[in-house]
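With UniProt numbering, letter number 211 in the sequence shown gets 211, and the count goes up by one each step, no holes.
Scroll down for the structure; my scribbles are underneath it.
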Amino acid sequence: MNADIKFSNNECDEVEIDKEIGGDETIEEPTVGMQFSSVEEVHAYYMKYGKKKGFGVSKKNIRQDDDGTVRWFCLACSRGGTLKSTVANVMKPRQTVKMGCKARINAVLNVEGGYTISKVILDHTHACSPGKARHFRCFKKVDARVAKRLEINDEAGIRLSKNFKSLVVEAGGYENVTFGEKECRNYIDKARRLRLGVGGGVALCNYFEDMQKRNPEFYYKIDIDNEMRLKNVFWADFRSRAVYESFGDVITFDTTYLINAYKMPFAPFVGVNHHGQSILLGCRLISNEDANTFEWLFQSWLQCMNNQPPNAIITDQDKAMKISISRVFPTSRHRFCLWHIMKKLLEKFG
């Protein structure tokens, strides 16, 4: 079964780490039939082309199989579409950059496993601004060298404003940097949340080790990166493991339950006992909500429960979660939570 997804017209506020060094190389104009090896390669190419020509780029639509294979996708000018205003005061409408621009490229999966551009629209309904492209949100990148510098200075106690100004001076002026102070602040905020220092991360590890010494049936798993920063955590006590054997037919998993002080989403695995009462079957904290992270989490939970998958699992309508469930729980029935469905209906049609 194929699934079509329409992305939001808003670009992500979270800062992206750019490991490539930009240059003044000539960018070939997109044409039907151009070949690329991956989705990421198509995106990187159109981003470079957009920056050279002076327009922003956003992801519009994507068609995926149930196994996550991308069959078709569209990249478009960020000024395409129309803004759906949520402002209550119609006398003071917000300014919008959406102008119904049709400029875009479509790419389809080819027989070699790569992607071929199948449609190209070059004309824009607005003037492009190559000189201002670096100010567009989609092009504001913090490269790997700057990211490392920001973290070192932050750990040394240097204020963000001073940290950012030193980078501007080193680059020779604001016109030579591909990011603003807001992007630096977003990156530092995320780095602080993930950093495994003497604080919460180590305390959590110590607590879990102590719990396992008290009861060998206590299960936990921690995922850290190469720089010893906390990424994901899963744990379940002996009660959760014991009751799952009797009441593990149907479980729910909700990522919208709670967010902790580090802005890491907390979500429990929950079942129902013979009294109709909710029972806790495991907990997790994760740093992001992509398919790989969910797959790590579900694999950890499955190992904890002696590799016995549930008959059914109920979740919200998250595409990444759906992909991960199909991989880790191929025999389980996956259903969407009615509460989330009704909430979406109210948002779309209310």
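Cβ atoms here follow ideal geometry from the backbone N, Cα and C, with glycine treated the same way.
Check, Outcome
"Strand pairing of Ile251, partner residues [DSSP]", "Ile313"
"Alpha carbon of Ile325 to alpha carbon of Glu175, nearest angstrom", "46 angstroms"
"Residue range of the unbroken alpha helix (DSSP H) whose run includes Gly50", "39-53"
"Burial state of Thr26, where buried means 16 or more other Cβ atoms lie within 10 Å", "exposed"
"Beta-carbon separation (whole angstroms), Cys77 vs His124, contact threshold 8 angstroms", "6 angstroms"
"Separation of Gln299 from Glu170, as counted between CA atoms", "46 angstroms"
"Cβ neighbours of Asn215 in the same chain (closer than 8 angstroms, five flanking residues each side left out)", "Asp237, Phe238"
"Spatial distance of Asn202 from Ala191 (CA atoms)", "Strictly speaking, residue 202 in this sequence is Val, with Asn absent from that position. If you take the alpha carbons of Val202 and Ala191, they lie about 16 angstroms apart."
"Residues sharing a beta bridge with Lys119, DSSP", "Asn106"
"Backbone CA spacing between Lys52 and Cys128 [nearest angstrom]", "10 angstroms"
"Residues near Ile314 by beta carbon distance below 6 angstroms, same chain, minus five either side", "Thr252, Arg335, Cys337"
"Rounded separation between Pro93 and Cys101 - CA only", "At Pro93, the pLDDT of 49 sits below 50, so the modelled position is not reliable; the number obtained from the coordinates is stated separately. Going from the Cα of Pro93 to the Cα of Cys101 covers about 20 angstroms."
"Separation of Ile224 from Lys141, as counted between CA atoms", "24 angstroms"
"When Thr116, Gly80, Asn153, Val57 are compared against Ala133, the one with the closest alpha-carbon", "Val57"
"Per-residue DSSP class, three states only, for Cys77", "strand"
"Secondary structure of Gly282, DSSP reduced to three states", "strand"
"Ile279: CB within 7 angstroms of a non-hydrogen atom of the ligand SAM", "What this structure holds is no ligand at all, so the ligand SAM is not there to describe."
"Where Arg214 falls: helix, strand or coil (DSSP)", "helix"
"Which of helix, strand or coil DSSP assigns to Asp154", "helix"
"Simplified DSSP state of His135, which is helix, strand or coil", "helix"
"Backbone CA spacing between Ile323 and Arg63 [nearest angstrom]", "13 angstroms"
"Stretch-stretch touch, CB-based, cutoff 8 angstroms, three pairs: the stretch 104-119 with the stretch 28-40", "yes"
"Alpha-carbon to alpha-carbon, Asn232 and Gly271", "22 angstroms"
"Buried versus exposed call for Lys165 [16 or more other C-beta atoms within 10 Å across all chains shown]", "exposed"
"Asp290, buried or exposed, once every other Cβ within 10 Å from all chains shown has been counted against 16", "exposed"
"Pro330, DSSP secondary structure in three states", "coil"
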